[in-house]
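Quick note on numbering: the sequence shown equals residues 1 to 80 in this note's numbering.
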Amino acid sequence: MATEIRVPTLGESVSEATVGTWFKKVGDTVKADEPLLELETDKVTVEVPSPAAGVLTEIVAANGETVGLGALLGQIDAAA
């Protein structure tokens, strides 16, 4: 079953962020709450944790891409 990785709420008045560095690549095994990537705003850099344990199966938002709140960043397959 796939679990979506989405942009979390980043603070008041912040509506978008830039994808910084992905710490994992497609095919890597991840643990729940393990940092997956950094999102950069004009105010802060935030690490996005994994919402579930499994295998990172897709990266939708590449490094340097601007994403809005709730945007899909990638997917994890818990069954893999």
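Backbone N, C-alpha and C fix where the C-beta goes; we use that ideal spot for every residue, glycine too.
- Rounded to the nearest angstrom, the Cβ distance from Thr3 to Gly54 is 7 Å, consistent with a contact under 8 Å.
- Across the set Val48, Thr66, Glu65, Ile76, the C-alpha of Ile76 shows the shortest separation from the C-alpha of Glu58.
- Apart from the 5 residues on each side of it in sequence, Gly68 sits with its Cβ closer than 6 Å to the Cβ of Glu16 in its chain, given in chain order.
- Bounds of the beta strand (DSSP E) holding Leu37 are 35 to 40.
- DSSP, read as helix, strand or coil, puts Glu65 in coil.
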